[in-house]
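Residue numbers (our numbering): 10 to 173.
Note that beta-carbon positions come from the ideal geometry of N, C-alpha and C, so glycine has one too.
Here the structure is a predicted model, which means the values were calculated and not measured.
Right, one structure below, let's go through it.
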């Protein structure tokens, strides 16, 4: 992570050495759809939780689970979307219930969903999706302006496939 003036940023980049498997391709497509849902929905005046809901739609439709937030703020405070939604579902992480038998398992919730988005805010978009033990994570940084958004590193919004 990069810190400057008490603000942090990070890059979520996925690189595949060789072609993606069919399962990873499906997960990469889900991540891209979630990323695009963010770009389509985000605007000043909306609640952070509304943005999280828009981004979660592609994962929910596909039955994927997520390991980390789909998006979080970088300034002025940190707000995060739901973290482990779907991990206990039918295509969630295998064996988790058995491994932690007798323990009350719950998904990690959203923090500061009531935050109203304003122009000048920065975000780390982290679309991630998993089926069972297979996981894909992409992302990018985004600035929200009065008249739209600015993608700071759009190359990270897709899995980069190296032809080897």
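Alpha-carbon spacing of residue i relative to residue j, whole angstroms
i	j	result
residue 171	residue 96	30 Å
residue 76	residue 156	32 Å
residue 101	residue 44	21 Å
residue 28	residue 79	25 Å
residue 103	residue 153	38 Å
residue 111	residue 32	32 Å
residue 132	residue 108	35 Å
residue 23	residue 67	19 Å
residue 81	residue 98	24 Å
residue 58	residue 106	28 Å
residue 34	residue 121	32 Å
residue 158	residue 26	31 Å
residue 129	residue 164	22 Å
residue 30	residue 69	21 Å
residue 92	residue 113	17 Å
Other residues of its chain near residue i: CB distance less than 7 Å, five sequence neighbours each side excluded
i	result
residue 125	54, 56
residue 46	63, 64, 66, 67
residue 160	149, 151
Cβ-Cβ distance between residue i and residue j below 8 Å
i	j	result
residue 73	residue 166	no
residue 168	residue 145	yes
residue 21	residue 94	no
residue 71	residue 51	no
residue 143	residue 60	no
Sequence-distant residues of its chain with Cβ nearer than 8 Å to residue i (five each side left out)
i	result
residue 49	63
residue 162	20, 149, 150
residue 41	136, 147, 166, 167
residue 141	100, 101, 102, 103
residue 123	56, 57, 58
Proximal residues to residue i (C-beta, below 6 Å), its chain only, five neighbours per side dropped
i	result
residue 127	53
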